[in-house]
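First residue of the sequence shown? That's 5 in my numbering, and the numbers climb one at a time after it.
We put the CB at the ideal spot given by N, CA and C, even for glycine.
Here the structure is a predicted model, which means the values were calculated and not measured.
The structure appears right after this line, and notes come after that.
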Amino acid sequence: MPPPSDPPLRLTLGVGVRQLAKAQTRQRVRDAARHLFVGRGFDDTTTQQVADEAQVAVGTLFQHASDKEDLLLLVVHELLTTAVQQASARGSSPDLLTDLTLMFGGLLEVCAALDQAARPAVRAQWFGTGPNARAVQWLHETFLDQVAARLERAQQAGQLTDGADARLLSRSLSGLYQGVLLDWLWTDDDLDAAVARLRAAFALQIIPLQTTAPEAPQ
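Dropping the structure here:
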């Protein structure tokens, strides 16, 4: 083992400390942005206020986001990462329609957690070009891959016709989800009502492709 004064070891330790400090600062920025965007509202929060709450300079914010909307997507990324991980960990049940509703329902829960910041977050996801926007878009693609994999398992189990293209169907379901999401955001219904509409929309797409009758929801 090299002595503590060994230059390569000092360099490695120094890099590790800097990376840890950067990660801690990023988390403080994310936490402050979430607290203010959700509590005050996106439009009523300034980047200076976020910087003050995170106890960093405004310039430091822009080491973690390209602009204010990208800062909001830094918050979205953390929430969406959890939703995608939960979708990946969820096992398959005999009821494909329920599984799909639960998977996409996790995305609705992300918007519910954002409260009054949900609408600007959706806009930022669609039109953002910063680093966090790209990271969120990558997570969405990962999520749709998981949906396609669930559809493929249903085909292998004989629950879904082999003629359906799983990847194309996953994107079709995503389009239905986006429609339900927009309707929900502008009608201010509760989350349960939005999930029920989501299931009904998916049923119109999935039931004609199923080889067995779906189970009634519990």
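| Check | Outcome |
| --- | --- |
| Tell me whether arginine 32 counts as near the ligand COA, meaning its Cβ is closer than 7 Å to at least one heavy atom of that ligand. | The model depicted lacks the ligand COA and carries no ligand whatsoever. |
| Kindly list the residues whose CB is nearer than 6 Å to the CB of serine 9, restricted to its own chain and excluding five residues on each side of it in sequence; keep chain order. | Here the model assigns serine 9 a pLDDT of 44, short of 50, so the residue's position is not dependable and the matter cannot be decided. |
| Within 10 Å of its beta-carbon, does leucine 15 have 16 or more other beta-carbons around it, so buried, or fewer, so exposed? | For leucine 15, the pLDDT reaches just 48, beneath the cut-off of 50, and the residue's location in the model is therefore unreliable, leaving the point undetermined. |
| In angstroms, rounded to a whole number, what distance separates the CA positions of aspartate 119 and valine 126? | 12 Å |
| Give the range of the alpha helix (DSSP H) segment to which phenylalanine 66 is assigned. | Here phenylalanine 66 belongs to no alpha helix (DSSP H), and DSSP marks it neither H nor E. |
| Where does glutamine 163 fall in DSSP's three states? | coil |
| Determine the extent of the alpha helix (DSSP H) in which isoleucine 210 is found, giving its start and end residues. | 195 to 210 |
| Within its chain, find whatever has a CB closer than 7 Å to the CB of phenylalanine 147; leave out the 5 residues flanking it on each side and keep chain order. | Val88, Ala91 |
| In whole angstroms, what is the alpha-carbon distance linking proline 221 and valine 62? | Confidence at proline 221 is low in this model, with a pLDDT of 48, below 50, so its placement is unreliable and no value can be given for it. |
| In angstroms with no decimal places, state the Cα-to-Cα distance between serine 174 and leucine 104. | 10 Å |
| With a threshold of 6 Å on Cβ separation, who are the neighbours of isoleucine 210 within its own chain once the five nearest residues in sequence on each side are excluded? | Leu101 |
| What does the alpha-carbon distance come out to for the pair alanine 198 and arginine 157? | 26 Å |
| Around the C-beta of valine 79, are 16 or more other C-beta atoms found within 10 angstroms, so that it is buried, or is it exposed? | buried |
| Can you give the Cα-Cα distance for glutamate 82 and phenylalanine 46, rounded to whole angstroms? | 17 Å |
| Note the first and the last residue of the continuous alpha helix (DSSP H) segment covering serine 96. | Premise fails: serine 96 is in no alpha helix (DSSP H) and is neither H nor E. |
| Could you tell me which of Val140, Asp74, Thr51, Leu24 sits nearest to glycine 134, measuring between CA atoms? | Asp74 |
| Among Leu164, Gly20, Leu40, whose alpha-carbon lies nearest the alpha-carbon of aspartate 56? | Leu40 |
| Which two residues bound the contiguous alpha helix (DSSP H) that contains threonine 191? | 170 to 191 |
| Roughly how many whole angstroms lie between the Cα atoms of leucine 164 and alanine 58? | 50 Å |
| When you compare the CB positions of alanine 152 and glutamine 159, do they come within less than 8 Å of one another, or not? | no |
| Can you name, in chain order, every residue of its own chain whose Cβ lies under 6 Å from the Cβ of glycine 95, other than the five neighbours on each side? | none |
| Give the straight-line distance between the Cα atoms of arginine 44 and threonine 50, rounded to the nearest whole angstrom. | 10 Å |
| Give a yes or no on whether the C-beta atoms belonging to leucine 189 and alanine 205 are separated by under 8 Å. | no |
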